[in-house]
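Below is one structure, written out as structure tokens; comments come after it.
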Amino acid sequence: MKKFLSIISLILSALLLLSAPAFADLGMGKVTPTTTDVGVQIFGSLKTFPHFVDNLDFNEADTGLDFVLDESGIIDDDEMTVRNEFRLGVKGGGENFKFLAILESDFALDKENVDRGARIGEISNDIGMTGEDFGVEKLDFSYDFTSHGLPVTVQTGWNTKWLDIETGGILYGDDHPYIGLKGSSDGISWEVMNLIIYDRTANAPGALNAESPDWRVYSAKLAFPAGDMKVSPFYAYSDNNAKNADVHYFGIQAFGKVGNISPKMEFVYALGEKDNFTATGGTADISAFGGFASIEVSAGDMFNPYVGGYYISGDDDAGDEDIEAFNPITNISRYAGPFAMENAFIYRYVPALGTHLYSNTFDTLGGGGSGYGGISNSASANSPGMYNLGIGTKGATGKWSYKAQLLHFWFSEVGALEQIEGKSIDDAVGLEFDLQVTYHFSKNFSLGNVISVFDPGDGVQDLRGNDYDEMALINTVEFTWTF
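For the sequence shown, the numbering used here gives the first residue as 3, with consecutive numbering after it.
Structure, rendered in structure tokens:
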């Protein structure tokens, strides 16, 4: 057997030597597409964010709620947790087509993570470098049929798509898989998509013939100029079998710049039905809405003030057949509007507040998962909604930039939440202050710091207990490389 393997090895070595000139023709240090009519660009980024935190549950004691969840996983009340997001991308195209692919790893730095794929004690059970640790995070391939006489582009993948990220982001922005069409003419653009959020089979043995717990969204978005503004009506139908809910979202937004003023506004109305509603055992009618408005003024390099706020409807009665709590598809306020800030406190999954990742609302309170949407289908039919008012300013001089803002949060309706919790709950949620200061050493590297504090109001203490009255802190150092 050993002699046979030796002969095979010699044959393979000879073949490699004979083929060496063919490999040499590729040239040293040269990467080219297989066809010469395709252009390719490589790009990438690294974000290294050391987080120093305190009282994430607003309580000095260990409560089980003293953590938050970000893209990297759990950030808890230890000395330091370092989120590390690395991306390596390639984009390009050729005649009538374009493509983009981004590989990503996003986890908390730890020996087990970088070597094996998961921290000991982490929620995940990974024991190796799996797709979520370094895989295709975003993908988009498109083909433009204009040269064939049809001004339409077909696209597929799972790149970031949205319906209202230009304003408040209260309805949808995410990188779910999609197949869609888009086009534009004379300043008017449009896009329709089939979003595949869940495509699952029933879990019970022999249940494959039953209705599968799928979740698909069909959307349409139009944008057209109106003077110095753009107006964008949009629609989404959420066919959410996983939550027995059919929901129609009707929305409109406006954004632009008039002189030195940048106004943004949007309104979204949700209308639909939810079957097998836990509270009644029958069908519940969904009627809810949300809105956002802001104004930003360009007053100079160092002073550009902005003011604005949100309204999200909440449910007033947990026992009736009406759901008045507004549940989005995926709220994306972390990256939308003037108050967007990646390392602000509110835009994470904060168990003590009932917020979820990317969102600034409290839609997991009142029985998370009992509703008809939200990130990972986690929103509640009894959520208390939200009022939010904020003010801030931002600017830059030389290589320095800054952003500072103050946000005040209230529940908009606590009736259903009070019934669920069996207690009286004040509507005051709390006050958040965010400060970001960054020095840009070059176009490829910057070093910054974000201090974000949240002072809980009486509503949090009524909900969680009198000891939940400490100010929460997340202090983040931001090392950022791009190329």
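Backbone N, C-alpha and C fix where the C-beta goes; we use that ideal spot for every residue, glycine too.
Terminal residues of the alpha helix (DSSP H) in which residue 419 lies:
Within the sequence shown, the letter at position 417 stands for residue 419. Start and end: 417-423.
DSSP has residue 430 in a bridge; who is on the other side?
Locating residue 430 in the sequence shown gives position 428, counting from the first residue. Looking at the DSSP assignment, residue 430 forms a beta bridge with 412.
Rounding to the nearest angstrom, what Cα-Cα distance links residue 317 and residue 201 in this structure?
As a working mapping, residue 317 is identified with position 315 in the sequence shown. As a working mapping, residue 201 is identified with position 199 in the sequence shown. Using only the alpha carbons, I get a separation of about 29 Å.
Roughly how many whole angstroms lie between the Cα atoms of residue 167 and residue 268?
One-based indexing of the sequence shown puts residue 167 at position 165. One-based indexing of the sequence shown puts residue 268 at position 266. Their backbone Cα atoms lie some 10 Å apart in a straight line.
Within the continuous alpha helix (DSSP H) that includes residue 316, where are the two ends?
The count along the sequence shown starts at 1 and reaches residue 316 at position 314. From DSSP, residue 316 is part of no alpha helix (DSSP H); its letter is neither H nor E.
How many angstroms separate the CA atom of residue 238 from the CA atom of residue 220?
In the sequence shown, counting from the first residue as 1, residue 238 sits at position 236. In the sequence shown, counting from the first residue as 1, residue 220 sits at position 218. Answer to the nearest angstrom: the Cα atoms are 6 Å apart.
Taking Cβ to Cβ, would you say residue 446 is nearer than 8 Å to residue 483?
By 1-based counting over the sequence shown, the position of residue 446 is 444. By 1-based counting over the sequence shown, the position of residue 483 is 481. Yes. Within cutoff.
Using the beta-carbon count (16 or more within 10 Å), is residue 405 buried or exposed?
Looking up residue 405 in the sequence shown gives position 403. Residue 405 is buried by the Cβ-count criterion.
So, is residue 138 buried or exposed, given that buried needs 16 or more other C-beta atoms within 10 angstroms?
By one-based count along the sequence shown, residue 138 stands at place 136. Under this definition residue 138 is an exposed residue.
Using 8 Å as the Cβ pair cut-off and three pairs as the minimum, do the stretch 329-344 and the stretch 164-178 touch?
yes
Would you mind sorting residue 129 into buried or exposed? The rule is 16 or more other CB atoms within 10 Å of its CB.
As a working mapping, residue 129 is identified with position 127 in the sequence shown. At residue 129, the pLDDT of 49 sits below 50, so the modelled position is not reliable; the number obtained from the coordinates is stated separately. Exposed, by the Cβ-count rule.
Check whether the Cβ atoms of residue 230 and residue 241 lie closer than 8 Å to each other.
In the sequence shown, residue 230 corresponds to position 228, counting from 1. In the sequence shown, residue 241 corresponds to position 239, counting from 1. Not a contact, by the Cβ cut-off of 8 Å.
How long is the line joining the alpha carbons of residue 398 and residue 38, rounded to whole angstroms?
Locating residue 398 in the sequence shown gives position 396, where the first residue counts as 1. Locating residue 38 in the sequence shown gives position 36, where the first residue counts as 1. So the two alpha carbons sit approximately 43 Å from each other.
Where DSSP assigns a beta bridge to residue 388, which residues make up the other side?
Mapped onto the sequence shown, residue 388 falls at position 386. For residue 388, which the question treats as bridged, DSSP gives the partners 314.
Taking buried to mean at least 16 other C-beta atoms within 10 Å of its own C-beta, is residue 116 buried or exposed?
In the sequence shown, residue 116 corresponds to position 114, counting from 1. Flag for residue 116 reads exposed.
What are the boundary residues of the beta strand (DSSP E) that includes residue 479?
Within the sequence shown, residue 479 is the residue found at index 477, counting from 1. Per DSSP, residue 479 belongs to the beta strand (DSSP E) from 474-484.
If you run the structure through DSSP and keep just helix, strand and coil, what is residue 48?
Counting from one through the sequence shown, the residue named residue 48 turns up at place 46. The answer is strand: DSSP assigns residue 48 an E or B state.
If I measure Cβ to Cβ from residue 328 and keep anything under 7 Å in the same chain, skipping five residues before and after, which residues do I get?
Here residue 328 refers to the residue found at position 326 when the sequence shown is read from its first residue. So the qualifying residues of the chain are 272, 290, 291, 292, 314, 315, 387.
Can you tell me the Cα-Cα spacing of residue 87 and residue 295, whole angstroms?
Numbered from its first residue, the sequence shown carries residue 87 at position 85. Numbered from its first residue, the sequence shown carries residue 295 at position 293. Distance between the alpha carbons of residue 87 and residue 295: 32 Å.
Which of helix, strand or coil DSSP assigns to residue 70
Translated into the one-based positions of the sequence shown, residue 70 becomes position 68. Strand, per DSSP.
Determine the burial state of residue 150: buried for a count of at least 16 other Cβ atoms within 10 Å of its Cβ, exposed for fewer.
Residue numbering aside, residue 150 sits at position 148 when the sequence shown is read from its first letter. With fewer than 16 Cβ atoms within 10 Å of its Cβ, residue 150 is classed as exposed.
Can you tell me whether DSSP reads residue 114 as helix, strand or coil?
Walking along the sequence shown from the start, residue 114 turns up at place 112. If DSSP states are grouped into helix, strand and coil, residue 114 belongs with the helices.
In whole angstroms, what is the alpha-carbon distance linking residue 371 and residue 330?
Position 369 of the sequence shown, counted from the start, is the residue given in the question as residue 371. Position 328 of the sequence shown, counted from the start, is the residue given in the question as residue 330. About 12 Å.
At which residues does the beta strand (DSSP E) containing residue 457 begin and terminate?
Locating residue 457 in the sequence shown gives position 455, where the first residue counts as 1. 447-458 is the span of the beta strand (DSSP E), which, as asked, contains residue 457.
Report the residue from 382, 391, 435 whose alpha carbon sits nearest the alpha carbon of residue 422.
As a first step, residue 422 is located in the sequence shown; it is residue number 420 there, counting from the start. Ranking the options by Cα distance to residue 422, first place goes to 382.
Got a sec? Which residues, its chain only, sit under 7 Å from residue 439 by beta carbon, not counting five neighbours each side?
Mapped onto the sequence shown, residue 439 falls at position 437. Taken in chain order, the residues that qualify are 404, 450, 451.
As a quick exercise: from 419, 416, 394, 420, pick the residue whose alpha carbon is nearest that of residue 409.
Residue mapping note: residue 409 aligns to position 407 of the sequence shown, counting from 1. Of 419, 416, 394, 420, the residue nearest in Cα terms is 394.
What residues are listed by DSSP as bridge partners for residue 170?
Numbered from its first residue, the sequence shown carries residue 170 at position 168. DSSP lists no partner for residue 170.
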